[in-house]
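Below is one structure, written out as structure tokens; the observations come after it.
2 protein chains.
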Amino acid sequence: MQHIVPPHEIEFWFELGSNYSYLSALRIEHLAQRAGVAVRWQPFLLGPIFASFGWSTSPFVLQPQKGAYVWDDMRRQCAKYAFPWQRPSVFPRSAILATRVALHGARAPWIGDFVKAIMRANFARDEDISSEEKVIEALRELALPAMAIVAACQSAASKPRLREQTERAKELGVFGAPSFFVGDQLFWGNDRLDDALALASSTRLRSTSGA
Amino acid sequence: MQHIVPPHEIEFWFELGSNYSYLSALRIEHLAQRAGVAVRWQPFLLGPIFASFGWSTSPFVLQPQKGAYVWDDMRRQCAKYAFPWQRPSVFPRSAILATRVALHGARAPWIGDFVKAIMRANFARDEDISSEEKVIEALRELALPAMAIVAACQSAASKPRLREQTERAKELGVFGAPSFFVGDQLFWGNDRLDDALALASSTRLRSTSGA
Numbered sequence: 000m001q002h003i004v005p006p007h008e009i010e011f012w013f014e015l016g017s018n019y020s021y022l023s024a025l026r027i028e029h030l031a032q033r034a035g036v037a038v039r040w041q042p043f044l045l046g047p048i049f050a051s052f053g054w055s056t057s058p059f060v061l062q063p064q065k066g067a068y069v070w071d072d073m074r075r076q077c078a079k080y081a082f083p084w085q086r087p088s089v090f091p092r093s094a095i096l097a098t099r100v101a102l103h104g105a106r107a108p109w110i111g112d113f114v115k116a117i118m119r120a121n122f123a124r125d126e127d128i129s130s131e132e133k134v135i136e137a138l139r140e141l142a143l144p145a146m147a148i149v150a151a152c153q154s155a156a157s158k159p160r161l162r163e164q165t166e167r168a169k170e171l172g173v174f175g176a177p178s179f180f181v182g183d184q185l186f187w188g189n190d191r192l193d194d195a196l197a198l199a200s201s202t203r204l205r206s207t208s209g210a
Numbered sequence: 000m001q002h003i004v005p006p007h008e009i010e011f012w013f014e015l016g017s018n019y020s021y022l023s024a025l026r027i028e029h030l031a032q033r034a035g036v037a038v039r040w041q042p043f044l045l046g047p048i049f050a051s052f053g054w055s056t057s058p059f060v061l062q063p064q065k066g067a068y069v070w071d072d073m074r075r076q077c078a079k080y081a082f083p084w085q086r087p088s089v090f091p092r093s094a095i096l097a098t099r100v101a102l103h104g105a106r107a108p109w110i111g112d113f114v115k116a117i118m119r120a121n122f123a124r125d126e127d128i129s130s131e132e133k134v135i136e137a138l139r140e141l142a143l144p145a146m147a148i149v150a151a152c153q154s155a156a157s158k159p160r161l162r163e164q165t166e167r168a169k170e171l172g173v174f175g176a177p178s179f180f181v182g183d184q185l186f187w188g189n190d191r192l193d194d195a196l197a198l199a200s201s202t203r204l205r206s207t208s209g210a
């Protein structure tokens, strides 16, 4: 599927339970602003993507050696970026309601703050982000109409949106998180955020993809 | 298994058929020299490691989405580093004799040049690195006694060494390539080479692991 992101934009495909998405969620706004690039937040669920590969859960759980490594790596990466870090006692944590809220607010000015609030709860304070209470708490701390937003996201009309969004991720070839789209190119992993932003802000992309 | 690499050293665990090992093989000598760190070359085979996870080949072959991504990523990474790149028509390429020679010469002054010659043949010129001819050619271009080295590596006494080396990688928790050990810590992937070298050259490591 051909997918072309407009010049000076980056699509940030992330999952709230993904530890490497946490690193990118905390980095992307500042870096994108500096690069003159707009961020399009694209929350989705990794579970159905992994299931399509025949995996019952995260590869960090299915492969014990890689899993053990990942927590060392996260500790070092968070130290490098000076981000708070606490290894979640439950991994991967499900966050379906929070993801529905993020999808609902993906173009709202509060999207970045909401995503960071949920991710800090998971990865800096080891809190249960699957609960309705946690989502309401995060929205209230942003002075948002929490009950109205949660009700909208729990409506029958709203529920298929997340399924469609995750289906779209699959069709676009997204196989992990975080993933970034710039122009017609996919970048995978927090380690590629800088390269993706460099391309998004480059003259080359502007001239080839038009405007 | 506790494994402690001496201060100011980095162990570079690589496989000659691994494309991300290629990036590190071309980068490590210059970066390590600048950091004041000695490189210990540790060639091994990924196949038996992958087999221990129940995989018949590289995850880049087993997962088509990731595989498609990896070749885009390699093209961009090589462009970024200004390294020559041609996608191998056979992947992953077996290079057992070349790996035996690399293990044989791991402490020799020619190890870096030999590894780079084999990897450039595979990843810059799409040549068959499994053949004895290719190994002999690479050794001769380095003005080395090619026939004697190859004969030594094909002797019955030499063959168990590579099996033991790969077994050691497994025991150390190596699950992919390239991997780096610094002090008592494992780093995985070309994207972690800079972090690994920063730790290897740091005062912190020197003071904690003694000398």
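So the sequence lines, in the order shown, correspond to chains E and G. At position 137 of the first sequence the residue is numbered 136 (numbering that gives the first Met the number 0), and the sequence of numbers has no breaks. At position 11 of the second sequence the residue is numbered 10 (numbering that gives the first Met the number 0), and the sequence of numbers has no breaks. Even for Gly, the Cβ is constructed at its ideal location relative to N, Cα and C. Bear in mind that the values here come from a model prediction, so they are computed numbers and not experimental data.
Does the distance from the CB of residue i to the CB of residue j come in under 9 angstroms?
i, j, result
"E:ARG92", "E:LEU15", "yes"
"E:LEU30", "E:ASP193", "yes"
"G:LEU161", "G:TRP109", "no"
"E:GLY188", "E:TYR19", "yes"
"E:VAL134", "E:ALA97", "yes"
"E:ARG99", "E:ARG86", "no"
"G:PHE59", "G:PRO83", "no"
"E:ILE48", "E:PHE174", "yes"
"G:SER17", "G:LEU45", "yes"
"E:TYR68", "G:GLY172", "yes"
"E:ILE128", "E:ALA94", "yes"
For residue i, which residues in the same chain have their Cβ closer than 8 angstroms to its Cβ, ignoring the five residues on either side in sequence?
i, result
"E:ARG191", "PHE179"
"G:ALA105", "ARG39, TRP40, GLN41 and PRO42"
"G:VAL114", "PHE13, LEU15, ALA24, TRP40, PRO42 and ALA101"
"G:GLU131", "LEU96 and VAL149"
"E:GLN1", "ASP183"
Show which residues of chain E have a CB atom less than 8 angstroms away from the CB atom of residue i.
i, result
"G:ARG68", "One detail in the question is off: residue 68 of chain G reads as Tyr in this sequence, not Arg. By Cβ distance, chain E contributes GLY172, PHE174, LEU185 and TRP187."
"G:GLN211", "Residue 211 of chain G cannot be examined here, being either before or after the span of chain G that is shown, 0 to 210."
Closer than 9 angstroms, CB to CB, is residue i near chain G or not?
i, result
"E:GLY209", "Caution is warranted here: a pLDDT of 45 is assigned to E:GLY209, below 50, making its placement in the model unreliable, and no coordinate value can be reported."
"E:LYS158", "no"
"E:ILE3", "no"
"E:ARG75", "yes"
"E:ASP71", "yes"
"E:LYS133", "no"
For a test of the three-state rule: what should DSSP assign to residue i, helix, strand or coil?
i, result
"G:ALA210", "In this prediction, G:ALA210 scores a pLDDT of 41, lower than 50, which makes its location untrustworthy; no coordinate-derived value is stated."
"G:VAL38", "strand"
"G:GLU170", "helix"
"E:LEU45", "helix"
"E:GLU28", "helix"
"E:SER178", "strand"
"E:ALA151", "helix"
"G:ILE9", "strand"
"G:TRP70", "helix"
"E:PHE82", "coil"
"E:PHE186", "strand"
"G:VAL4", "coil"
"E:VAL114", "helix"
"G:ARG99", "helix"
"E:GLU136", "helix"
Check whether the Cβ of residue i lies closer than 9 angstroms to any Cβ atom in chain E.
i, result
"G:ASP127", "no"
"G:ARG92", "no"
"G:ARG86", "no"
"G:ASP112", "no"
Using a cut-off of 7 angstroms between C-beta atoms, extract the partners of residue i located in chain G.
i, result
"E:ARG26", "The contacting residues do not exist; E:ARG26 stays about 15 angstroms from chain G at best."
Name the chain G residues that come within less than 9 angstroms of residue i, Cβ to Cβ?
i, result
"E:ARG162", "Those within 9 angstroms of E:ARG162 in chain G number zero; the least Cβ separation is about 19 angstroms."
"E:LYS115", "The premise fails here: E:LYS115 is roughly 23 angstroms from chain G at the closest Cβ pair, so nothing lies under 9 angstroms."
For residue i, which residues from the same chain have a beta carbon less than 7 angstroms from its beta carbon, with the 5 sequence-adjacent residues on both sides left out?
i, result
"E:ALA43", "The question names Ala, but residue 43 of chain E in the sequence shown is Phe. Result list for E:PHE43: TRP12, GLU14, GLN164, THR165 and ALA168, in chain order."
"G:LEU102", "PRO42, ARG160, LEU161 and GLN164"
"E:GLU8", "VAL36, ALA37, ARG39 and ALA199"
"G:ALA195", "ILE9, PHE179, VAL181 and PHE186"
Give me the chain E residues within the contact set of residue i, using Cβ-Cβ distance strictly less than 7 angstroms, ordered along the chain.
i, result
"G:ASP190", "ASP190"
Excluding the 5 residues flanking residue i on each side, which residues of the same chain have their C-beta closer than 6 angstroms to its C-beta?
i, result
"E:SER201", "none"
"G:ALA197", "none"
"G:PRO5", "none"
"G:SER88", "ASP125"
Going along chain E, which residues have a C-beta under 9 angstroms from residue i?
i, result
"G:ASP193", "Going along chain E, no residue has its Cβ under 9 angstroms from G:ASP193, so there is no contact; the nearest lies around 10 angstroms."
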